[in-house]
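K.L.:
Residues in the sequence shown are numbered consecutively from 29, following the working numbering.
Following this message is one structure expressed as structure tokens.
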Amino acid sequence: MIKRPFFCLRAPRLKYPAKNSYQKEDITEIKLPDTITLLVERSGSDNGEIDLSNVKQVATGQKITLSGDNLDYFISTATGSIMEVCAFAGYMGKRYTSITIKTEVKDQWDDAFKKIGDTISAESALGFLRSLPGETDLSRLFDAGKPLNSIVINGVDNDLLVTTNQAVITLAREDLALGVQYLKQITQVNDVFLMIHSGAASGAYGIKAEIKTIDPIYPNAAPHLFMKKCLGRIIPAGMDSRDMGVGFINAEAVAALGRAFQKKEFPIHKILTIIHKDGSTTHARARIGTPIKHVLAAFNIEVRHGDQIILGGPMRGTFAYSEDMPVQWNTDAVMVQDGGQITPCEDTPCINCGECVRVCPAKIPVNMLVRLLENGRYEEGAEEYDLLSCIECGLCSYVCTARIPIFHYIMLGKYELGRIKKAEETNA
Ligand code: SF4
Ligand code: SF4
């Protein structure tokens, strides 16, 4: 989370990077490390018991179904032996199974995915490609309770400085074009839009999706704002785009889908935007599961005491507490902030300057909301000050004069409300 210097006189106009040309040679290949770690999100009903004792060796692309009363599975992104399986708690209490694999240099490919032949269907996609680079859970597009009538492909990354999806549109345009066809086929949704920033439309030729351009001003790529400005639809508080029949998916995931079905090869790499300490950016291609420290080492980025590693971009990213954290399916960026440049959050009271209210695209009275959230009064925050209308852009934290970590309070508030709702449903 970046903070701007003290006081500003008008709302900031933060721009998404709007570079239109990317070269393959600009992407640094990260060597396969000795170990990779795959994080598999556990389904809600699962009790967390993990038993992979019968699986010692895995091939690249091999599907392993987890034990228990669920159909969770993971697909190995490398060949090697399973060293460790344990529970892992992620951001906001998300529960994962962490599987560490000692890798072998040469990939031995499992051919189960190849055997789907020309069967391009929802079943084959969900059976093998539920996690794709850029998309952790493809099944979100197949929720029977929320049938879709449109799909939006994000060609603009949803954070500042991050250009992973912009790069994919240029570098994997043919895969993306194929992916759009397959996406329509497996979802039976024909209204597919491609979101790009104005000025990048020329790079999207040959892609059979309706192009929707946005001004490259942050946070115009957020689903709520895109829906309002480009589709003329407003998402009510507490709902998401899927409640309105519109699904969002990253361009990288659609390109991976296209390539996977075309080549019959399971996707195992993730494109990353690397945001250096001086704010410059480069790109890397790493095996999913690669520890972040290997990625940083490839760019000679030294993490010193006080520096911060952020997975994602500066406005919405989450802190990585260890350089051993792996590249995951949705790790679009890795950012390292120099400890000397970080403006720390402070435990100071709100001074009612109103900057957060002025900047909030959802028109939330953030100054009032934060008072409740700081005191754990989440339900009141939702009822009285519109907590659930927040589109999670982080601008309020960025401008806060008192340096209150508002965005984190908001995310915690939403998480706690989700827990309360779930507990009420369970006990009903
Ligand atoms: S993160 Fe802050 S500025 Fe952004 S929508 Fe939510 S309350 Fe408003
Ligand atoms: S929360 Fe921060 S930005 Fe908002 S009114 Fe208070 S001091 Fe100002």
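Heads up, the beta-carbon is just placed ideally off N, CA and C, and yes, glycines get one too.
Within the same chain, show all residues whose beta-carbon is closer than 7 Å to that of Cys428, passing over the 5 residues directly before and after it, in chain order.
P.N.:
For the purposes of this step, residue 428 is identified with residue 400 of the sequence shown, where counting begins at 1. Glu383, Cys384 and Ile434, listed in sequence order.
K.L.:
What is the rounded straight-line gap between the Cα of Lys292 and the Cα of Leu157?
P.N.:
Stepping through the sequence shown from its first residue, residue 292 is reached at position 264. Stepping through the sequence shown from its first residue, residue 157 is reached at position 129. Cα to Cα, Lys292 sits roughly 11 Å from Leu157.
K.L.:
Of the residues Leu199, Glu163 and Phe221, which one's Cα is nearest the Cα of Leu285?
P.N.:
Mapped onto the sequence shown, residue 285 falls at position 257. Out of Leu199, Glu163 and Phe221, Glu163 has the C-alpha closest to the C-alpha of Leu285.
K.L.:
Closer than 7 Å between the C-beta and any heavy atom of ligand 2: which residues qualify, listed along the chain?
P.N.:
In chain order, the hits are Cys378, Ile379, Asn380, Cys381, Gly382, Glu383, Cys384, Val385, Val394, Asn395, Val398, Cys424, Val427, Cys428, Thr429, Ala430, Ile432 and Ile434.
K.L.:
With distance defined between alpha-carbon atoms, name the residue in Ile214, Ile245 and Glu202 nearest to Ala232.
P.N.:
Translated into the one-based positions of the sequence shown, residue 232 becomes position 204. With distances taken between Cα atoms, Ala232 lies closest to Glu202.
K.L.:
In chain order, what residues of the same chain lie with their CB nearer than 6 Å to the CB of Gly118, ignoring the 5 residues before and after it?
P.N.:
Residue mapping note: residue 118 aligns to position 90 of the sequence shown, counting from 1. Counting only Cβ-Cβ distances below 6 Å, and skipping sequence neighbours, we find Tyr124.
K.L.:
In chain order, what residues of the same chain lie with their CB nearer than 8 Å to the CB of Pro354, ignoring the 5 residues before and after it?
P.N.:
Within the sequence shown, the letter at position 326 stands for residue 354. So the list reads Ile64, Thr65, Leu66, Leu67, Ile316, Gly317, Thr318, Pro319 and Ile320, once near-sequence residues are dropped.
K.L.:
Apart from the five residues just before and just after Asp243, which ones in its own chain have a Cβ nearer than 8 Å to its Cβ?
P.N.:
Here residue 243 refers to the residue found at position 215 of the sequence shown. Hits under 8 Å: His225 and Ser226.
K.L.:
Measure the CB-CB distance between Leu423 and Tyr413 and report whether it falls below 8 Å.
P.N.:
Within the sequence shown, the letter at position 395 stands for residue 423. Within the sequence shown, the letter at position 385 stands for residue 413. No, the pair does not count as a contact, with Cβ atoms beyond the cut-off.
K.L.:
Are the beta-carbon atoms belonging to Ile338 and Gln365 less than 8 Å from one another?
P.N.:
Numbered from 1 along the sequence shown, position 310 holds the residue referred to as residue 338. Numbered from 1 along the sequence shown, position 337 holds the residue referred to as residue 365. Yes; because the gap between Cβ atoms is below 8 Å, this pair is in contact.
K.L.:
Among Arg313, Asp360, Val323 and Ala430, which residue has its Cα nearest to the Cα of Asp375?
P.N.:
As a working note, residue 375 is residue 347 in the sequence shown. Measuring from the Cα of Asp375, the nearest candidate turns out to be Ala430.
K.L.:
Considering Phe435, what are the terminal residues of the alpha helix (DSSP H) in which it resides?
P.N.:
Start at 1 with the first residue of the sequence shown, and residue 435 comes out as number 407. Where Phe435 is concerned, the enclosing alpha helix (DSSP H) stretches over Ile434 to Asn455.
K.L.:
Pop quiz: Pro342 and Met363 are said to be a contact at Cβ under 8 Å. What is the actual Cβ separation, rounded to whole angstroms?
P.N.:
Position 314 of the sequence shown, counted from the first residue, corresponds to residue 342. Position 335 of the sequence shown, counted from the first residue, corresponds to residue 363. Rounded, the Cβ-Cβ distance is 6 Å, consistent with contact.
K.L.:
Please state whether DSSP places Glu383 in a helix, a strand or coil.
P.N.:
By 1-based counting over the sequence shown, the position of residue 383 is 355. Helix.
K.L.:
Closer than 7 Å to a non-hydrogen atom of ligand 1 - does that hold for the CB of Ala390?
P.N.:
Position 362 of the sequence shown, counted from the first residue, corresponds to residue 390. True, at least one ligand heavy atom lies under 7 Å from that Cβ.
K.L.:
Whether or not the region 208-221 and the region 168-178 are in contact is what I'm after, with contact meaning three or more pairs of Cβ atoms, one per stretch, closer than 8 Å; do they touch?
P.N.:
Verdict: yes, contact present.
K.L.:
Can you say whether Thr147 is buried or exposed, counting buried as having 16 or more other CB atoms within 10 angstroms of its CB?
P.N.:
Counting from 1 along the sequence shown, the entry for residue 147 is found at position 119. Exposed, since its Cβ has fewer than 16 Cβ neighbours within 10 Å.
K.L.:
With DSSP run on the structure shown, which of helix, strand or coil describes His225?
P.N.:
Counted from its first residue, the sequence shown places residue 225 at position 197. His225: strand per DSSP, three-state reduction.
K.L.:
Just to check, is the beta-carbon of Gly422 closer than 7 Å to a non-hydrogen atom of ligand 1?
P.N.:
The residue labelled residue 422 in the question sits at position 394 within the sequence shown. Correct: Gly422 has its Cβ closer than 7 Å to ligand 1.
K.L.:
Bridge partners for Asn182 per DSSP, in chain order?
P.N.:
Position 154 of the sequence shown holds residue 182. Asn182 is bridged to Met223 and Asn278.
K.L.:
Given a threshold of 16 other Cβ atoms within 10 Å of its Cβ, counted over all protein chains shown, does Thr371 qualify as buried or as exposed?
P.N.:
On the sequence shown, residue 371 is found 343 positions in, with the first residue counted as 1. Its Cβ having fewer than 16 others within 10 Å, Thr371 is exposed.
K.L.:
Work out the CA separation of Ile235 and Cys114 for me, nearest whole Å.
P.N.:
Mapped onto the sequence shown, residue 114 falls at position 86. Mapped onto the sequence shown, residue 235 falls at position 207. Roughly 42 Å between the two C-alpha positions.
K.L.:
Do Ile262 and ligand 1 come close, with the Cβ less than 7 Å from some heavy atom?
P.N.:
Looking up residue 262 in the sequence shown gives position 234. Not under cutoff, so the answer is no.
K.L.:
What residues are listed by DSSP as bridge partners for Tyr124?
P.N.:
As a position in the sequence shown, residue 124 is number 96, starting the count at 1. DSSP lists Glu69 and Phe116 as partners of Tyr124.
K.L.:
Just checking Val331 against ligand 1 - is the residue's beta carbon closer than 7 Å to any of the ligand's heavy atoms?
P.N.:
If you number the sequence shown from 1, residue 331 lands on position 303. No; taking the cut-off as 7 Å, the Cβ of Val331 has no heavy atom of ligand 1 nearer than that.
K.L.:
Roughly how far, in whole angstroms, is the beta-carbon of Phe294 from the beta-carbon of Gly89, given that I think they are within contact range, below 8 Å?
P.N.:
Start at 1 with the first residue of the sequence shown, and residue 294 comes out as number 266. Start at 1 with the first residue of the sequence shown, and residue 89 comes out as number 61. With 8 Å as the limit, Phe294 and Gly89 qualify as a contact, their Cβ atoms being about 4 Å apart.
K.L.:
Ligand 1 and Cys418: does the residue's C-beta get closer than 7 Å to at least one heavy atom of that ligand?
P.N.:
Here residue 418 is taken as the residue at index 390 of the sequence shown, counted from 1. Checking every heavy atom of ligand 1 against the Cβ of Cys418, one is found closer than 7 Å.
K.L.:
Counting along the chain, where does the alpha helix (DSSP H) carrying Ala150 start and finish?
P.N.:
For the purposes of this step, residue 150 is taken as residue 122 along the sequence shown, with counting starting at 1. Ala150 -> alpha helix (DSSP H) spans Ala150 to Phe156.
K.L.:
If you run the structure through DSSP and keep just helix, strand and coil, what is Ser49?
P.N.:
Walking along the sequence shown from the start, residue 49 turns up at place 21. Coil, per DSSP.
K.L.:
Assuming the contact rule is C-beta atoms closer than 8 Å, Leu222 and Ala237 should be a hit. Round their C-beta distance to whole Å, please.
P.N.:
Locating residue 222 in the sequence shown gives position 194, where the first residue counts as 1. Locating residue 237 in the sequence shown gives position 209, where the first residue counts as 1. The Cβ separation is near 4 Å, so the contact holds.
K.L.:
If I follow the unbroken beta strand (DSSP E) through Tyr349, where does it start and stop?
P.N.:
Reading the sequence shown from its first residue, position 321 is the one you call residue 349. Per DSSP, Tyr349 belongs to no beta strand (DSSP E) and is neither H nor E.
K.L.:
Using three-state DSSP, classify Glu330 as helix, strand or coil.
P.N.:
What you label residue 330 is simply residue 302 of the sequence shown in a count that begins at 1. The answer is coil: DSSP assigns Glu330 none of H, G, I, E or B.
K.L.:
Helix, strand or coil for Ile58? Go by DSSP, reduced to three states.
P.N.:
As a working mapping, residue 58 is identified with position 30 in the sequence shown. Coil at Ile58, not helix or strand.
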